[in-house]
Every structure is written in structure tokens, then in C-alpha cells.
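So the structure is just underneath, and the comments pick up after that.
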Amino acid sequence: MRLTFCGVRGSTPAPGTEFVRYGGHTSCVAVAHDGAAAPTLILDAGTGIRRVTTLLAGQPFTGTILLTHLHWDHVQGLPFFRAGDRDDATVMLLLPDQHDGTGAEEVLARAMSPPHFPIRPRELRGRWTFGTIGPGRLEAGGFTVLACEIPHKGGRTLGYRVSDGRSVAAYVTDHCPTALGPGPDGWGEYHPAAVELAAGADVVVHDAQLLAEEVAAEAAFGHAAADYAVALAGRAGARRVALFHHRPDRTDDALDELARRFAAAPVPVLVAAEEQILDV
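Basically this note's numbering = 1-based index in the sequence shown + 16.
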């Protein structure tokens, strides 16, 4: 499979000259099958989803969008996804079951409807279907996906393990492992759901909004340290880790330093950048 990083920031977009090389768009990863130019699976719909339209080279999107959760930086790009908002598009959008039982379209409309936005989800053009999912297995975009619940502040959050039968990519963003205790390193617990998603994966795309020294002051916002992501990949026997969901004030130079920090890690470490392509 092929992963294209379309947005790698967390919380809010990061425009400006200090954020050019790694990019300023928020969370979105496009997944395509081997030998296929067009992605059929999109993980999250932050502002980076605008880049998926370019990948499709004028064609409509036909496939599935899987949302990990409903925070703004993971959904705000939806109405600006031109390849999905056209008459010949076919889109299945799936998001986590809500604890109060609210349906997918209704919960999306809380942010995407007047007076907050001029149109509602059902007014997107094309054939859109909205649904909810819980932990378990599903088929999406021609891939087999395992969904597991991941601790994160402010709403139900899922992590995904995506397989095409030959390769495996784990997508574990917005992960707050300290919510389950400090763990052996003080960065949070290496809990069964996270380990199951990452186990033996060819790549683990993981929340790295924090550094180890920032955990004490900032973990309450719901995120993980890059150090935790690297250690999780090592514990789970993953082949590579891609650090993702960079905090919006982490400059290009600071992310270069992050790459140097893990240059000698026991698991190869990639600091994800916008437009980067990873063949898994």
C-alpha cells in the first residue's frame, strides 16, 4: 500500500515561513493500493484533505473516509474536499460511535451547519453515506481495518490498523497514554489496544505532539510524546514509526532537531511531512 501524508499538524493549521518544509495542514493521510494512483481510503479529514484532490488529478473520490474522532483539526477540511464534493463522487464517511447514541450526520452537523458553516453534511454533492463504527474489524476502501479505542480527551477516539493482506500500517493519532497512568517510562501506559494496533506493523503513524520533557505540563491536553511513539513501536515489534500530529508551533528547524534526536533509535524514525509518500 502507499501512504501519502496530506496534513501532519495537530490542533490548528500552521501557516508561515517557519512551517514550509513539513507543512501546516492538519491531520489527513491518503491510502492507495499497490499500483493504484488514486487513494480509496482517507484517514481523517483535517485541512490536509484538500491535498487529496490533487492526488486524484481531476477524478472524483470513490472510497471511504475514516475519522478517528471529531475534533476540529480532524474534520474541518470536509466541506473543502473538492474531489468529494462533486456530483460523481461516492463517499462513505465513518466515525466513532457516540456515547449518547447520536448518529453520524447529526453529530457532524453540530459544527457543519448554520450559523457555524453555510451548508450541512447532507448538502455535499455526490453520493455521501454517513455511519458510525465501534471497536472491531471492518472493510474500508478495499482494505481490512481493525479499530481499537484509544484514550484521548474530549470524545470517543479510535485508532486504526490498516492491511491489504501483505502490508500493515497503524494509525494512532491523538493518543493520551498518561490517562491510563504514568507507565514504566513516565510517558504513559503501553496499553493493550495501542500494542495490538502497532504489533508487527510495517509502519506506525503516531501522535508526537509532545516531547518527553513537555509531558508533565501538557499531557492533560490529550497527546503523547514522540519518545512514547518510538518506544511503543519498539515494544510492539513494528518496523518503522512516523512521528505525526506535530504541535502547531513546532517549526521546521525544531522538527529537524526531532529527527536528529531519534537518529540512533532502535526502530527507524520518520518525521512526517506534507506531500511525503511512504510505500509500505
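Every residue gets a Cβ at the ideal spot worked out from N, C-alpha and C, and that includes glycine. Remember, predicted model here, so these are calculated numbers, not experimental data.
Residues near residue i by beta carbon distance below 6 Å, same chain, minus five either side
i	result
E273	none
L59	V45, L82 and Y187
T28	P264
L124	P137
L110	L82, G147 and I149
R251	Y206
E122	none
A281	V246
R67	C22
V91	A61
P151	A163, C164 and E165
Host beta strand (DSSP E) of residue i (start-end)
i	result
L259	V257 to F260
W88	Here W88 belongs to no beta strand (DSSP E); instead the alpha helix (DSSP H) covers W88 to V91.
S179	L174 to S179
T80	T78 to L82
C164	F159 to E165
The alpha helix (DSSP H) enclosing residue i, as first and last residue numbers
i	result
A125	A120 to A125
L271	D268 to R277
A289	A289 -> no alpha helix (DSSP H), and no H or E assigned at all.
T2	The displayed coordinates of the chain run from 17 to 296. Any statement about residue 2 would go beyond what the structure contains.
V211	P208 to A214
D243	A242 to A252
A232	V231 to E234
Buried versus exposed, by CB contacts within 10 Å (16 or more), residue i
i	result
R153	exposed
A258	buried
I293	exposed
E290	buried
T145	exposed
R138	exposed
H41	buried
T73	Note on identity: in this sequence residue 73 is Ala, with Thr being the wrong assignment. Exposed, since its Cβ has fewer than 16 Cβ neighbours within 10 Å.
R177	buried
A217	buried
V36	exposed
D104	exposed
T173	buried
A275	exposed
P95	buried
P130	exposed
P112	buried
T33	exposed
R126	exposed
A236	exposed
R182	exposed
P134	exposed
Anticipated Cβ contact below 8 Å, residue i with residue j, distance rounded
i	j	result
A209	I166	6 Å
D190	H85	6 Å
A249	A214	6 Å
A185	V221	7 Å
V246	V283	6 Å
T106	T78	5 Å
A288	V47	Rounded, the Cβ-Cβ distance is 14 Å, inconsistent with contact.
A270	A242	Between A242 and A270 the Cβ distance is about 11 Å, and since that is not below 8 Å, they are no contact.
V285	R255	About 11 Å separates the two Cβ atoms, so there is no contact after all.
A156	L57	6 Å
Close Cβ partners of residue i (< 7 Å) along its chain, the five nearest in sequence each way excluded
i	result
R102	P76, R141 and G142
S179	F159 and T160
E234	L226
H168	H85, D190, H191, C192 and G238
G199	P193, E205 and Y206
D295	R18
Contact set for residue i: own chain, Cβ-Cβ below 8 Å, skip 5 residues either direction
i	result
P31	G40
E197	Note that residue 197 corresponds to Gly in the displayed sequence, not to Glu. Excluding positions up to five away in sequence, the list reads G204 and E205.
Do three or more CB pairs link the segment 191-210 to the segment 111-119 at distances below 8 Å? no
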